[in-house]
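Please read the structure below before turning to the comments.
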Amino acid sequence: MARTIYNNPNLPRSKAPHSNAVKIGNLIFVSGFPGYDENVQVPPGDFGKQMRFALQHIKATLEYAGSSIDKIGKVNIYLDRRADFEEMNEIYKEFFGQDPSGWPARTTVEARLPRKEFLLEIDCVAEA
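Its first residue numbered 24, the sequence shown is counted upward by one per residue in the working numbering.
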């Protein structure tokens, strides 16, 4: 099966060796986005800003690949601090809506992240 690589030139690029997304068949696999801004800077200690940046990058990546957030089937969220769980849920509902019938499947885990200033990382799989 052929695969298509997507690297949105309008998004900040980290130094890590990965593509923003890969399409295989009818699925788009979006790489994990931490909460950095357009200058690849992380708002220190601000979970809300970091999560909103990560979700904005995912949305832009999917749109660049010809998909949308409405086609997301699965989201994985990696939290550095369990204490951010409730705020994460509120921001998640801002992004995906208040109606549970529109929410994608999700896994949330507490994990040590690659840089100490990262408070979360989010990846997803969507339909093309």
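Ideal placement from N, C-alpha and C gives every residue a C-beta, glycine not left out.
- Message: Quick check for students: name the residue ranges of the alpha helix (DSSP H) that lie wholly in the segment 32-115, counting only runs of 4 or more.
- Response: 70-87
- The beta strand (DSSP E) with residue 146 in it runs from where to where? Stepping through the sequence shown from its first residue, residue 146 is reached at position 123. Its beta strand (DSSP E) spans residues 143-150.
- Message: If distances are taken between C-alpha atoms only, which option among 114, 55, 43, 32 comes closest to residue 74?
- Response: Residue 74 sits at position 51 when you count from the first residue of the sequence shown. The residue with the shortest Cα to Cα distance from residue 74 is 114.
- Query: Buried or exposed: where does residue 76 fall if 16 or more other Cβ atoms within 10 Å of its Cβ makes it buried?
  - Reply: Within the sequence shown, numbered from 1, the residue matching residue 76 stands at position 53. With 16 or more other Cβ atoms within 10 Å, it is buried.
- State yes or no: is the C-beta of residue 34 within less than 8 Å of the C-beta of residue 83? Here residue 34 refers to the residue found at position 11 of the sequence shown. Here residue 83 refers to the residue found at position 60 of the sequence shown. Yes.
- On a CA-only basis, which of 109, 137, 85, 60 is nearest residue 53? Give me that one, please. For this step, residue 53 is matched to residue 30 along the sequence shown. That would be 85, whose Cα lies nearest to the Cα of residue 53.
- Item | Whole-angstrom distance between residue 41 and residue 24, CA atom to CA atom | Taking the sequence shown and counting its residues from 1, one reaches residue 24 at position 1. Taking the sequence shown and counting its residues from 1, one reaches residue 41 at position 18. Taking the straight line from one Cα to the other gives about 20 Å.
- Answer yes or no: do residue 97 and residue 127 have a C-beta to C-beta separation smaller than 8 Å? Indexing the sequence shown from 1 puts residue 97 at position 74. Indexing the sequence shown from 1 puts residue 127 at position 104. In this structure, residue 127 lies closer than 8 Å to residue 97 by Cβ.
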